[in-house]
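Participant: These protein sequence lines are chains A and B, in that order.
If you use my numbering, the first sequence corresponds to residues 1 to 380, in order.
If you use my numbering, the second sequence corresponds to residues 1 to 380, in order.
The C-beta atom is built at its ideal place from N, Cα and C for all residues, glycine as well.
Predicted, not measured: the structure shown is a model, and the values here were computed from it.
Protein chains: 2
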Amino acid sequence: MKIICKKNDLIESINIALRAVPSKTTMPILECIVIEVEDKISFISNDMEIGIRTDVNGDIVERGVVAVNARLFADIIRKLPEEEVIISTDYDFNTSIKCGKSKFNLKGNSNEEFPPLPVISRERSISISQFSLKEIIRQTIISIADNDLNKIMTGELFEIKNGILRVVSIDGQRFSIRRINLSENYNDISVIVPGKTLIEMSKILTGGIDEIVNIYFSSENSGGVKSQDFRNILFEFNNTLFNSRLIEGKYFRIDQMISNDYETKVTINRKEMLECLDRSTLFIKESDKKPIVIKVTDNNMQFKINSVIGSMNEDIDISKEGMDIVIGFNPRYLIDALKVIDDEEINIYLFNPKAPCFIRDDDEKYLYLIMPMLNIGTDN
Amino acid sequence: MKIICKKNDLIESINIALRAVPSKTTMPILECIVIEVEDKISFISNDMEIGIRTDVNGDIVERGVVAVNARLFADIIRKLPEEEVIISTDYDFNTSIKCGKSKFNLKGNSNEEFPPLPVISRERSISISQFSLKEIIRQTIISIADNDLNKIMTGELFEIKNGILRVVSIDGQRFSIRRINLSENYNDISVIVPGKTLIEMSKILTGGIDEIVNIYFSSENSGGVKSQDFRNILFEFNNTLFNSRLIEGKYFRIDQMISNDYETKVTINRKEMLECLDRSTLFIKESDKKPIVIKVTDNNMQFKINSVIGSMNEDIDISKEGMDIVIGFNPRYLIDALKVIDDEEINIYLFNPKAPCFIRDDDEKYLYLIMPMLNIGTDN
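1. The beta strand (DSSP E) with B:Tyr368 in it runs from where to where?
2. Would you please verify whether the beta carbon of B:Ser102 is less than 9 Å from any beta carbon of chain C?
3. Taking a cut of 8 Å between CB atoms, which residues from the stretch 310-337 of chain A lie near chain B?
4. State buried or exposed for A:Glu156, treating a residue as buried only when at least 16 other CB atoms are found within 10 Å of its CB.
5. Could you give the first and the last residue of the continuous beta strand (DSSP E) run that contains B:Ala67?
6. Pop quiz: B:Ala20 and B:Asp47 are said to be a contact at Cβ under 8 Å. What is the actual Cβ separation, rounded to whole angstroms?
7. The alpha helix (DSSP H) that contains A:Asn94, what's its start and end?
8. If contact means a Cβ-Cβ distance below 8 Å, which residues of the stretch 273-289 of chain A contact chain B?
9. Taking the continuous alpha helix (DSSP H) assigned at B:Thr197, which residues delimit it?
10. Along chain B, in chain order, which residues have C-beta atoms closer than 8 Å to that of A:Ile77?
11. I need the DSSP call for B:Glu113, collapsed to helix, strand or coil.
12. B:Leu18 CB to nearest chain A CB: under 9 Å?
13. Are B:Lys265 and B:Tyr349 closer than 9 Å when you measure CB to CB?
14. Relative to the C-alpha of A:Ile86, which residue among A:Phe93, A:Ile77, A:Asp92 is closest?
15. Quick check: the Cα distance between B:Tyr262 and B:Ile144, rounded to an integer number of angstroms?
16. Whose C-beta lies closer than 6 Å to the C-beta of A:Asn380 among residues of the same chain, with five residues either side of it excluded?
17. Quick check for students: name the residue ranges of the beta strand (DSSP E) that lie wholly in the stretch 124-201 of chain B, counting only runs of 3 or more.
18. Going straight from the alpha carbon of A:Glu314 to that of B:Ser96, what length do you get?
19. According to DSSP, which residues form a beta bridge with B:Tyr216?
20. Round the Cβ separation of B:Ala67 and B:Val34 to the nearest angstrom and send it over; I've been treating them as touching at under 8 Å.
21. Take A:Glu159 and list the residues in its own chain whose beta-carbon comes closer than 6 Å to its own, dropping the five residues that flank it on each side.
22. Given A:Ile318, which residues of its chain have a CB within under 7 Å of its CB, disregarding the five upstream and five downstream residues?
23. Kindly indicate which residue of B:Thr154, B:Ile170, B:Ile180 has the alpha-carbon position closest to the one of B:Ile408.
24. Do B:Arg270 and B:Leu338 have their C-beta atoms closer together than 9 Å?
25. B:Asn105 touches chain A at which residues, Cβ-Cβ below 8 Å?
26. Under a three-way DSSP split, which group does A:Asp317 fall into?
27. Report yes if the C-beta distance between B:Leu30 and B:Leu72 is below 9 Å; otherwise report no.
28. Mapping DSSP to helix, strand and coil, what is B:Glu344?
29. Measure the C-alpha to C-alpha separation of A:Leu205 and A:Glu236 and round it to an integer number of angstroms.
30. Should the stretch 128-137 of chain A be called in touch with the stretch 193-211 of chain A, which here means at least 3 C-beta pairs below 8 Å?
31. Counting only Cβ pairs nearer than 9 Å, list the residues of chain B close to A:Leu30.
32. Give a yes or no on whether the C-beta atoms belonging to A:Ser244 and A:Gly377 are separated by under 9 Å.
33. Could you please give the first and the last residue of the uninterrupted alpha helix (DSSP H) stretch that includes A:Asn15?
34. For B:Thr54, which of helix, strand or coil comes out of DSSP?
35. Could you tell me if B:Asn147 is buried or exposed, where buried requires 16 or more neighbouring beta carbons within 10 angstroms of its beta carbon?
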């Protein structure tokens, strides 16, 4: 195998492939990137949940394939001078990297033990811009659960219905819903995508509005056996194929938890509220489970927090419809939601101190539900 | 006590005072900054080795003094809106911070238990620009020892003699010497300043060429008793007094280790050599104790490293006087020295594979000595 590439092209492709190289594994071969040179040059990585194949710009001198330690390979390429890089292997997988007057030798491996990427049959697909996909992930990933107690909560619902993509995440204390209109009318689809998959993919999406991601859904498992439900998902964008297992099971019945009623409606400047909440976190250790207490009266929202190390209170002008209310929240949850909303003014809908609040826009592009904390004390 | 300050003035002064707030301590009062309001507003901190008093811009409404938790105070001020900040205390040291519509309350403390800063008699002094002091610290701090096995090695020699300030650090494997001419002829002084003191002070020196630091040396201990040697040092700059204990003891006889002889003299481009050494570190774990092997022949320096994970070799054009030589070094030590030298071309002086190398300029503004590693193998 022998290829000639530009340093920056190599770095770009390595950074993509690294997303599926596990940092800890009991299978050392998974710490490798496979360099496959046939009609094209491809870098392949696989952590058994996510798999990536990305094509590399460069000249092919001789075909072949080798698996090299991903992090060492990445570190070497990054430190090379800005010149042409020649990568070649001998029959024993010894890999030589030459650039200017620098010569490196690495012990490479055969790719025989490297688990092949699943072949995803492209039964169903949708297309969406990189920008929309990256945004919808950022705006919902805040409320996935980070432990495995309930596997379904570690993923996000991707639901396609009536030409709308709805993405939902829920962690037990709150949920996030985002909707976008698709350009075509696709058949109904409902799958649960692992949060880790979405986080890693987000990092390599360039986020262009004009760049398209094709998303394929496949009901074959890695052995090629078809099942009733979808088992795998494949994202195709730029020169990259990014596949992942789906989470099996039935998602929560979200719609039953949503209400359009309210007793109190507050309209408030998002940035002012966010900065105030941010200050309040100084007085809370995560272990304290102390709420920020919010008191809504006509034209005023008071934020108040008391802890052993000190206290804060602050007023913000609002407009209000309905009843006065005093209610407590984990400020972290409010902050997470407010950070991923772009609107300058937001509407918060409240019922009573024991019921969740809803933050949502009139077009239902977003809806964030947050459960209150009940330990708001008696001095409020 | 009551003062009115601008947020940014407070932040600037807090960041200075934080340098002497210990992150771990058995004396909780040391985690405080003392806010002292008399003729001026001052922030005071003290970790029992370093002490800082810095003056704060602002308006005094009422005099007084309070000790507040330094990190909480810093975090609150940083998160305030960009408006006027009013800080006041009541008779019980409860401290209120008001800014716009935000109100914070902190439990403060009396400063009674806070250890007062030592009164440094200003017996002897020198003056130097902030730029020169900050540079000379950066250029020598690389070779202080970071453990306490030999206390003297954790500090730097500051020696004033014949109108020259010489700063020396040594860690057993290498030493660094920098010299600068002083603007006046001072009496001879020789003290050992703790490395930690220099590192913390460097961070608050603004580094201006026209800004002066006055350095005072005092032989009084904190009880006010005079001794034969200098015990304390005080740096005075901008609105800040920065004092530190000195390390007691006699410094190493550096001059005996310096030689102007050589068998081989190499002139090489500093940046090319630095980048090559940087690449070589990819193949070394600190625990390996693997040297980079350098082979000097006419007009060429070859860098070579072999390890279990791979190998590297690289050639750099040089000009050479004297004998060919093969010698091994810890590349980290060469990198540290090359990073703090500004010259485009450097001269390296060598004797034999078992003797240290010297990197020095013709004016003796700098001299870096590095011991070789002897395990360079037989295949070179």
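Facilitator: Taking the geometry as given:
1. In the second sequence, counting from the first residue as 1, residue 368 of chain B sits at position 368. First-last of the beta strand (DSSP E) with B:Tyr368: 366-370.
2. Judged by its chain identifiers, the structure shown contains no chain C, and its protein chains are A and B.
3. Gly310, Ser311, Met312, Asn313, Glu314, Asp315, Ile316
4. Here residue 156 of chain A refers to the residue found at position 156 of the first sequence. Buried: at least 16 other Cβ atoms inside 10 Å.
5. By one-based count along the second sequence, residue 67 of chain B stands at place 67. Note, B:Ala67: beta strand (DSSP E), 64-69.
6. Start at 1 with the first residue of the second sequence, and residue 20 of chain B comes out as number 20. Start at 1 with the first residue of the second sequence, and residue 47 of chain B comes out as number 47. Between B:Asp47 and B:Ala20 the Cβ distance is about 5 Å, and since that is below 8 Å, they are a contact.
7. If you number the first sequence from 1, residue 94 of chain A lands on position 94. Taken as a continuous stretch (DSSP letters only), A:Asn94 belongs to no alpha helix (DSSP H), being part of the beta strand (DSSP E) at 94-99.
8. Glu275, Cys276, Asp278, Arg279, Leu282
9. If you number the second sequence from 1, residue 197 of chain B lands on position 197. Where B:Thr197 is concerned, the enclosing alpha helix (DSSP H) stretches over 195-204.
10. One-based indexing of the first sequence puts residue 77 of chain A at position 77. Simply none; closest approach about 10 Å.
11. Here residue 113 of chain B refers to the residue found at position 113 when the second sequence is read from its first residue. B:Glu113: coil per DSSP, three-state reduction.
12. As a working mapping, residue 18 of chain B is identified with position 18 in the second sequence. Chain A, which has no Cβ nearer than 9 Å to the Cβ of B:Leu18, makes this no.
13. By one-based count along the second sequence, residue 265 of chain B stands at place 265. By one-based count along the second sequence, residue 349 of chain B stands at place 349. Contact flag set, yes.
14. In the first sequence, residue 86 of chain A corresponds to position 86, counting from 1. Comparing Cα positions, the closest option is A:Ile77.
15. The residue labelled residue 262 of chain B in the question sits at position 262 within the second sequence. The residue labelled residue 144 of chain B in the question sits at position 144 within the second sequence. B:Tyr262 and B:Ile144: Cα-Cα distance of roughly 26 Å.
16. If you number the first sequence from 1, residue 380 of chain A lands on position 380. Bear in mind that a pLDDT of 47 at A:Asn380, under 50, signals an unreliable position, so the model cannot answer this.
17. 124-129, 155-161, 164-170, 174-181, 189-194
18. The residue labelled residue 314 of chain A in the question sits at position 314 within the first sequence. The residue labelled residue 96 of chain B in the question sits at position 96 within the second sequence. C-alpha separation (whole angstroms): 13 Å.
19. As a working note, residue 216 of chain B is residue 216 in the second sequence. B:Ser125, B:Leu234.
20. In the second sequence, counting from the first residue as 1, residue 67 of chain B sits at position 67. In the second sequence, counting from the first residue as 1, residue 34 of chain B sits at position 34. About 5 Å separates the two Cβ atoms, so the contact holds.
21. Here residue 159 of chain A corresponds to residue number 159 of the first sequence, with the count starting at 1. Taken in chain order, the residues that qualify are Arg166, Ser190.
22. Within the first sequence, the letter at position 318 stands for residue 318 of chain A. Excluding sequence neighbours, A:Ile318 sits near Val266, Thr267, Ile268, Asn299, Asn300, Met301.
23. The structure shown does not extend to residue 408 of chain B, since chain B spans only 1 to 380, so no value can be given for it.
24. On the second sequence, residue 270 of chain B is found 270 positions in, with the first residue counted as 1. On the second sequence, residue 338 of chain B is found 338 positions in, with the first residue counted as 1. Yes. Within cutoff.
25. Counting from 1 along the second sequence, the entry for residue 105 of chain B is found at position 105. Result: Gly310, Ser311, Met312.
26. Taking the first residue of the first sequence as position 1, residue 317 of chain A is located at position 317. A:Asp317: strand per DSSP, three-state reduction.
27. For this step, residue 30 of chain B is matched to residue 30 along the second sequence. For this step, residue 72 of chain B is matched to residue 72 along the second sequence. Contact flag unset, no.
28. The residue you call residue 344 of chain B lines up with position 344 of the second sequence. It is coil, neither helix nor strand.
29. Residue 205 of chain A sits at position 205 when you count from the first residue of the first sequence. Residue 236 of chain A sits at position 236 when you count from the first residue of the first sequence. Near 10 Å, if we compare the C-alpha coordinates of A:Glu236 and A:Leu205.
30. yes
31. Locating residue 30 of chain A in the first sequence gives position 30, counting from the first residue. Correct list: empty, because the minimum Cβ distance to chain B is about 17 Å.
32. For the purposes of this step, residue 244 of chain A is taken as the residue at position 244 of the first sequence. For the purposes of this step, residue 377 of chain A is taken as the residue at position 377 of the first sequence. Not closer than 9 Å, so no.
33. For this step, residue 15 of chain A is matched to residue 15 along the first sequence. Segment 7-17, the alpha helix (DSSP H) holding A:Asn15.
34. Within the second sequence, numbered from 1, the residue matching residue 54 of chain B stands at position 54. Here B:Thr54 sits in strand by DSSP.
35. Within the second sequence, numbered from 1, the residue matching residue 147 of chain B stands at position 147. Answer is exposed; the Cβ neighbour count stays below 16.
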